[in-house]
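Quick note, the sequences are listed as chains A and B, same order.
Going letter by letter, the first sequence gives residues 1 to 348 in my numbering.
Going letter by letter, the second sequence gives residues 10001 to 11035 in my numbering.
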Amino acid sequence: MSDGYLVLEDGTVFHGRSVGAEDVAFGEAVFTTAMSGYQETVTDPSYAEQIVCFTAPMIGNYGVAEEREESSRPHATGVVMRQLGGHAWAEWLRSHGIVGLDEVDTRALVLRVRDGGSMRAAAVADEEELTVADALEQVRAQPPMAGQALVAAVSTPEPYVFSNGSGPRIAVVDYGAKGSILRRLARTGAAVSVFPHTSPAEPLVDFDGVVLSNGPGDPEPLENEVETVRGLLGRVPILGICLGHQLLGLATGHRTYKLPFGHRGANHPVLDRRSDRVLVTSQNHGFAVQPSDTKEATHVSLYDGTVEGLDFPGLRARSVQFHPEAGPGPHDAWPILDEFVREVADAG
Amino acid sequence: MPARRDLESVCVIGSGPIVIGQACEFDYAGCQALKVLREEGYRTIVVNSNPATIMTDPGFADRTYIEPLDLEGVASVLEREQPDALLPTLGGQTALNLAVALAEGGILDELGVELIGAPVEVIRRAEDREQFRAAVRGCGLDVPASTIVTALDELGCVALPAVVRPAFTLGGHGGGFAETFEALAQQVERGLLESPIRQVLVEESLRGWDEFELEVIRDRIDNVVVVCSIENLDPMGVHTGDSVTVAPQMTLSDEAYQELRDAAVAVIRAVGVETGGSNIQFARQRETGELRVIEMNPRVSRSSALASKATGYPIAKVAAKLAVGYTLSEIPNDLTKTTPASFEPTLDYVVVKFPRFAFEKFSGADRALGTQMKSVGEAMGIGRTFSEAFLKARDSRELDAVDAAPWSRLDDDSLPEGLHPWFREQIALSREVLAAGDLFRAKRAGWSDHAIGAAWETDEHAIKRRRDELGLRPVYRRVDSCAGEVEAGSTYLYSTWGEEEETAPSSGRPRVVILGSGPNRIGQGIEFDYCCVHAAQTFRALGFEAVMVNCNPETVSTDYDTSDRLYFEPLTPEKVLAVCDREKPVGVVTQFGGQTPLRLARAIEDAGYPILGTPHSAIDLAEDRQRFGSLVEQLGVRCPPWAIVSTTDEALVAAGGIGYPVLLRPSYVLGGRAMRICYDDLQLDEAMQAVHGPVLLDRFIEHAIELDVDALCDGEEVYIAAVMQHVEEAGVHSGDSTCVLPAPALTLSAALEVEHIVKRLGPALGVVGLLNVQLALADSTVYVLEANPRASRTVPFASKAIGVNLVDAACRLAAGRTLRDLDLPAPRPAQVSVKAAVLPFARFPGADPVLGPEMRSTGEVMASAADLPTALAKAERAAGRPLPTSGTVFLSVRDEDKLAVVPIAAALAGLDFDLVATEGTARTLRAAGLELTEMAKVADALEGEETVVDLVRRGHCDLVVNTPQGRGARADGYLIREAALVARVPCVTTISGAAAAVHAIASARAESALSLQERIQRGGTHGSPDPLLRVGDTS
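The structure is reproduced here in structure tokens:
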């Protein structure tokens, strides 16, 4: 195991020990505060082009299992840990070509990112192979996350049927959909079909309901996708999740913006204003919908007051910024998916 | 929803004396709750029988009642105060059981008191096994297969192995495993006796399953958050209180953890806890993932205190706010201020808790760990990795080297069977790191300088020097409940290695470091935490920054609110000096934390940090018998003849000169560890075999009255705060004896003599702060037994009895004030106060439940009344041993006590008690003209003849007076005492104790409770109720 390091675009260096692939990974340095679910996190397509730091101190304790994967491959480019908790996880990182550093002062990194905002970074497995100066130069040559359209790289190229349930027919637009969304929908008995991000509105409106999935990157450059969503409005019930929520926001005339360092974790409280109830949610987003004067959010973050949910009853469209499907994280918001399926079934 | 304004006053019930399974955590919970309730504008009333708690300090509530926690005691307070609500969820099982009794007795309805926090049907649903099982099954979860048994003949076809759990008992008390039917029958019998509702559960044994606990909070609009997950290293079968535990859980995948979380949320909803915290325990089969819900506490618990300290999320505070109407999203997180209490904590460190045992105190007791809790305290370690936290917690136990405690060896074969392979691997890795010889990596793994020194065949000083050369120093990180995601002004810190330093806010005021007392153990418990908390409060009030170092997660001192900065660290020289090096204090306070800080004082002074108040040299002077002996001689003060000896031969020669009986004791020891009274050469020879190194032999003064004095000294003048008299004669450890203030047997001349002695000792020793002197009074002669220039165990009791905060005064003296500056009022207790000890014998079957020179009590209670018998009777009630007023008394005393037992027996006969005795005692009593029934000793009984043990077991005996006949004749007396213990019959083992008990039975009066605030006020305006008792106010 070689000595490696993580360098942020501001030049801060964090030393560590390489436990994953012997490579150099570039991406936006972000952190998640979820204490379990490392494999789910790394395989979540929303982590594309990101180096993810786990604040939980020991990662890899309970090994790996295929059923925990949120997609067919890892999407995070690098993994940063305070301490590796098991060999199987290191082996998994290596076999998937993911750079992994442990023995890193992750708390210092978190405080740096919290105070300085998320930054471009490089995770270098072997400091002998690449000097900090060279790495830093390459980091600064990377495109920043703001303005990046990343869904094309993670969406399915072709439509496919995920499940043949006897319940309502649900179309999921895959901007980088997590497996948990599909599995949770299928569990309700819905017949789930998945469409590429390029899908026009036409096949979608024939379904009983459309779920706009999560996905990586900045929503703003996704003009075609937003256009499609606009084409769906009022014609079919819609549920947006995470990036899907942001696209619905853009389609309804809202703006989106980049959060200083995002929300990533499994403990964020969200207030459902209609019931005054708190949901403990799974979150993973770097962008958010700007609140507007005309539209009151249904859900707000009790952490920083940002918009966490919207509802357009007239358009039969609603959305949440957090992840009701969990995976990883608490199941408090499962009913959002369940209710959506039930409602479209009742309507149909 | 804001706080409820239909309530104006709230009564909080504490948990009473420290017992195994119920310790300082409820003082911590109670203090937090009272703080919150007062901030919210409620009038607060607190009832607790434990004087050593912070929650019973007069400043913590509007009305403080130190009264027995029984139905009568609490009901009398409720009647007097007429509160609108009763909050029972912060005082452990004791408070919860009382709430149920008060509700069932109709007292709450009658007085119009609302039960908040947990309604009675919720308590029942959680505590009654049958109802709980129904509730759990109702939400689709499994409980262990089981049968409820209320009589032995209901044990039909139970599958073995099985576990026996009595309903409504502390810490699983009275329960156990059984592999055979005979063992099962025995366990069930014991369990039925322990359970106040005579009900036990016999259930499927889950031995070897993994054990998890979740701390869950729910508000009245059904929001639920999980504060913390805790995983037990010792699998099912070992009580969680005795288990090493880790937070957060380490071995579950997200889907497995979420399954637990869902189950916990479902259970809290099904049981119906609406405004507060609960602890829910699960067993999980490691391979199949099968889950069983084991139990739920609908209240704050030991685990919730641990979870609060582990996460920085103050569960009791939040629970109290929820109980008065707030919701989780309305309560701000204490540490971040900007996020709400509905933000579940997330940890970027690992926390490990180790139990602290005291088996060495109970020779003969079974040391095997099981479902019945046996540990007396706990220590917590925080580290950035499991290994670091584990090793820090393990080092925090402060074991004496001789103790063969669980987890003392970490090689693979010594680790507990059934330990999860992940923990086994982590421990193996940390051993490898130590063996590899890289100092930085060894420190980062959590090894102490001491451990590294031992492993590398050098010593900790050499390792420290090596570190200094390399510039290897610990850094400090904050506990912030959010893994750094939110800016938090937290002042709660722990050390780690090889990371960035994180500074905590500081005001720039001069700092004092206060050293806490570490894990509870026998001889060092909550009294010292009380002292440390007051020290922090006083130094803050004096304009210092108070910096606390401690590692006991149960305590108020480790509440981050108590001090300006809290370092959660082992109390070892390495860690404490590292804190000093960072804080650069103007002084270190060592006189309040019991023996723990005293052991560190030398190292602290050597490192150049001044000890505030009494210098360490005074301790040395007091502890070094040679020097103390000459000092005492110089002052013209008498002490019993003594000698220091190293070998048995020397001891025998010395004893010849001193004269038997002799008291043998090693120096610098806690709670009379290994103290023995020897009456002849044979006993002395035997006792010497058990000790190492030089020991002290004192002439043991028989039939002496023992006195305990707490005083303050500013180096010149002395303030005598309390002269307390022990009910039991000298020879019973002062910590175990019942103690009375003011001292009833003290004549004016003896009182003056005591005063004279203490006033000379204080300045001569160089005391600046607290001084405790123990004296013996025999034949009008006063002897000094020992002087302790530090806070004693009796300081909280004395402070409350006289209405003067002694710790506050001692801190002011340590900070440079004089007694003249303080101008303390003369102590004029308005009432007689009694402190009684609570002993854990019922936990240690096999150990002889008899009082002696070795301290074995875990806690104490206080009771005050206008006269001694009433106070004493109340104290016995508070200690859970209410004295009978009629019935049968069994008497059996050793030969020396035969004469003295006659008036006691006569008095009992006069009170219409039936007397029963065995042969020897019966002869004496008959000769004195008393009528009685004679019964056979166990050893002499004929086949089928009823013995006294049968009598006790069948519940036909209401009081046992049994003074032990030397050490050899264990059999009969021991069997009687054990039977009394099991049958919960009060058993008095000293003749003076018996005399006091009879006095109390004969003369106790019904008296209404008086709050501490009222008593203090009366003390200021009235004199003592009885001129004979006016001892304390001679200063």
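Beta carbons are placed, not taken as given, at the ideal position from N, Cα and C, and that holds for glycine.
Predicted model only: the values in this text are computed from it and were never measured.
Around the Cβ of B/A10721, a 10 Å sphere holds 16 or more other Cβ atoms; the residue is buried. With the rule of 3 Cβ pairs closer than 8 Å, the region 10684 to 10695 of chain B does not count as touching the region 10783 to 10794 of chain B. Among the residues facing chain A, B/P10248 is included, as its CB has a counterpart in that chain under 8 Å away. The beta-bridge partner set that DSSP reports for B/P10340 consists of B/P10332. Around the C-beta of B/F10841, 16 or more other C-beta atoms lie within 10 Å, and the residue is accordingly described as buried. For A/E325, DSSP assigns no beta-bridge partner whatsoever.
Those residues of the region 10346 to 10373 of chain B placed with their C-beta closer than 7 Å to a C-beta in chain A are T10346, L10347, D10348, Y10349 and V10350, ordered along the chain. With its beta carbon at least 8 Å from every one in chain B, A/R183 lies outside the interface. For B/D10109, the enclosing alpha helix (DSSP H) covers residues I10107 to L10111. Counting along the chain, B/Y10065 sits inside no alpha helix (DSSP H); it lies in the beta strand (DSSP E) bounded by residues R10063 to Y10065.
For the C-beta of B/N10297, not a single chain A residue is nearer than 7 Å; the gap to the nearest is close to 22 Å.
When C-beta distances to chain A are compared with 8 Å, the residues of the region 10467 to 10490 of chain B below that value are R10477, C10482, A10483, G10484, E10485, V10486 and E10487, in chain order. B/I10522 sits in coil when the DSSP states are folded into three classes, being neither helix nor strand. Setting aside the 5 residues that flank it on each side, B/V10164 is surrounded in the same chain by G10175, G10176, Q10187, V10188, G10191, V10200 and V10202, each with a C-beta closer than 6 Å to its C-beta; the list follows chain order.
Beta-bridge annotation (DSSP): A/M119 is paired with A/A29. Of the candidates A/R342, A/L233, A/E339 and A/A326, A/A326 places its Cα closest to the Cα of A/R68. Bounds of the beta strand (DSSP E) holding B/T10044 are R10043 to V10047. Distances from the CA of B/R10540 to each of B/A10875, B/S10506 and B/A10704 were compared; the closest alpha carbon is that of B/S10506.
Cβ-Cβ separation between B/G10370 and B/L10322: approximately 35 Å, too far for a contact (criterion under 8 Å). Neighbourhood of B/L10419 in chain A, by CB distance below 7 Å: empty, with the nearest CB roughly 14 Å away.
Taking the beta carbon of B/R10261 as reference, the chain A residues within 7 Å of it are P330, listed in sequence order. Proximity of the region 10097 to 10114 of chain B to the region 10072 to 10084 of chain B meets the contact definition, three or more beta-carbon pairs being nearer than 8 Å.
Taking 8 Å as the threshold, the shortest C-beta distance from A/N284 to chain B does not fall below it.
For B/R10384, a Cβ of chain A is located within less than 8 Å of the residue's own Cβ.
With a cutoff of 8 Å on beta-carbon distance, A/L302 and B/T10339 are scored as near each other.
In summary, the residues of the region 23 to 48 of chain A whose CB is separated from some CB of chain B by less than 7 Å are T33, M35, S36, G37 and E40, in the order they occur in the chain. DSSP, reduced to helix, strand and coil, places B/C10532 within a helical segment of the structure shown.
The region 68 to 106 of chain A contains, as complete beta strand (DSSP E) runs of 3+ residues, the segments 78 to 80 and 99 to 102 (chain order). For the region 10122 to 10143 of chain B, the beta-carbon criterion of a distance under 7 Å to any beta-carbon of chain A is satisfied by none of its residues. One Cα belongs to B/L10932, the other to B/I10677, and the distance between them is close to 33 Å.
Taking 9 Å as the Cβ-Cβ cut-off, the region 10225 to 10255 of chain B approaches chain A at V10225, V10226, S10229, P10248, Q10249, M10250, T10251, L10252, S10253, D10254 and E10255, given in chain order.
Taken through DSSP and simplified to helix, strand or coil, A/K295 comes out as coil. Interface criterion not met: the Cβ of B/N10520 is under 8 Å from no Cβ in chain A. With respect to the 8 Å criterion, A/T198 and A/R112 are not classified as neighbours on the basis of their beta carbons. Within chain B, no residue has its beta carbon less than 7 Å from that of A/M119; the closest one is some 16 Å off. Contact between the region 10330 to 10348 of chain B and the region 266 to 280 of chain A is present: 3 or more CB-CB pairs across the two stretches fall below 8 Å.
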